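Down below is the structure, laid out as structure tokens.
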Amino acid sequence: MLLNWSEFVAFVTGSVDELLGTELAQVRYGDVGMAFALTTLVAVAAVATIVRLAARRRRYSRQHSGHAIAPRFRKRLWIRAAHTMPKVLVAGALALVIFAAADPFLTATEEVSGFVESRVRVDLVDTSGSMAWEFPDTGKSKAEIARDAHLRFLDMRTGKNDRVSLWLFSTYPYMVDDFVMDDELYYFQVWDAPYVMTQRLDKAMVVPTDKVRIVPAEGDTNIIRPLQSIMKQFDQDEAAIGGGTNQNRAVLIVTDAAVDEFPDTEFAALAQRNVVPYIIYINTSDVRTAMIGHPSTPRLIEMIREYGGDYFDVTDEDSLTRAYEAIDEREAVRVEMRHRALKVPIYSRFLLMAMALLAVGIPLGFVTELVWGTGP
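Residues 30 to 405, numbered by the numbering used here, are exactly what the sequence shown covers, in order.
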């Protein structure tokens, strides 16, 4: 919807007042390099234009006419000023855009606090050597299939105020980050995490080399150690936020369930803390070839429901939806959020003024060129 004249004047006036009210001595710049690069680019373009205009013949001259145009037939001073004004406005807008590109900001100290309803979860991702083997008929590793499923799950949880911590485990557990509520940051942490941590990479493994971390003594699948570490984290976090005991929490395990030992004791301890385990199961079994007396479902998957949890088969298209719903059914925890605002960006003040100058300068340039651009 276009602005009428009064609204446009109010917009320009407000932009000017906001910019003039800025204490330039207090302004700091977060990206001077970008502004310098743009300035260099503009300077090169300006020099090239000047050289081009100096080298070519003037528009209103004839090389062998022998006549000079009398001053009385040339543009008057006020006409030349009006003809030049649009160029000045566009140049001013360009200068303001360069200032905005430098990411100007003012420093301020303000503590902001509040409460949000959040679901607390730890994501425990299996990065053992078995995850580097091919997922049947895909040409991809189990780890890559698992990561894709995990990221799709995070897409579904975006905006749900999840407070999540990321752990990786193979022989030993590794905490990537403590509890965070930034969906974009957490998504990048999961995306950037290695697929596999092992002491050596077998040639038959199909995992991309840039997604492998070669770590001595790694490669097994010990799920007991990370569950023990996660219980300590839950206890410390519960004490830190001052919440009540036995708050509803969850641990989401992404694994192919090829574990070395079964964590009965750890699952029981999690249940005492009201932490529900869920598994996104990277199922590579084939029920058509399963032998009688040798069930295709691993013991870890069978025991998860004994402790109030559930598993979701990655080969089932609806599993991620059910996992999302299971997490969403958990009662939310009220968490106090505090942060200090130390940086107040003001690039919008420069951009708004630049937009106002362009909105005037470009149409005015067309008009002046049509009216006065055809004479010397």
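Yeah, the Cβ is synthetic: ideal placement off N, Cα and C, and Gly gets one too.
Predicted, not measured: the structure shown is a model, and the values here were computed from it.
- Excluding the 5 residues flanking it on each side, A161 has same chain C-beta neighbours closer than 8 angstroms at S170, K171, A172, Y224, V225, T227, L230, D231, M234, V235, V236 and V241, in chain order.
- For V45, the CB contacts under 7 angstroms within the same chain, skipping 5 residues up- and downstream, are M382 in chain order.
- For P374, the secondary structure class from DSSP, reduced to helix, strand or coil, is strand.
- Counting along the chain, D264 sits inside the alpha helix (DSSP H) bounded by residues I253 to I270.
- In the three-state reduction of the DSSP assignment, A287 falls in the coil class, being assigned neither a helical nor a strand state.
- Take the alpha-carbon of Y216 and the one of A124: they are about 37 angstroms apart.
- Secondary structure note for T227: it is in no alpha helix (DSSP H), and the uninterrupted beta strand (DSSP E) holding it is V225 to T227.
- About 16 angstroms separates the CB atoms of D184 and L195; that is not less than 8 angstroms, and the two are not in contact.
- Contact annotation: the segment 375-391 touches the segment 119-133, with at least three C-beta pairs closer than 8 angstroms.
- Taking 8 angstroms as the upper bound for CB-CB distance, L153 and F198 are in contact here, some 6 angstroms apart.
- Pairing V288 with T250 gives a Cβ-Cβ distance under 8 angstroms.
- Beyond the five residues adjoining it in sequence on each side, F341 comes within less than 6 angstroms, by CB distance, of I309, S348, R351 and A352 in the same chain, given in chain order.
- Secondary structure at R242: strand, using DSSP grouped into helix, strand and coil.
- The bridge partners DSSP lists for A39 come to none.
- Assignment of E146 by DSSP, reduced to helix, strand and coil, places it in the strand class.
- Setting aside the 5 residues that flank it on each side, D339 is surrounded in the same chain by Y307, I333 and A355, each with a C-beta closer than 7 angstroms to its C-beta; the list follows chain order.
- F164 carries a coil assignment under DSSP once its states are collapsed to helix, strand and coil.
- By the neighbour-count criterion, in which a residue is buried when 16 or more other Cβ atoms sit within 10 angstroms of its Cβ, I259 is buried.
- Contact annotation: G59 and F134 have beta-carbon atoms nearer than 8 angstroms.
- For Y336, the three-state secondary structure derived from DSSP is helix.
- Taking all protein chains in view, the Cβ of D285 is crowded by 16 or more other Cβ atoms within 10 Å, so the residue is classified as buried.
- When C-alpha distances from A279 are compared across E346, A298, R148 and R181, the shortest belongs to R148.
- For R81, no pairing in a beta bridge is given by DSSP.
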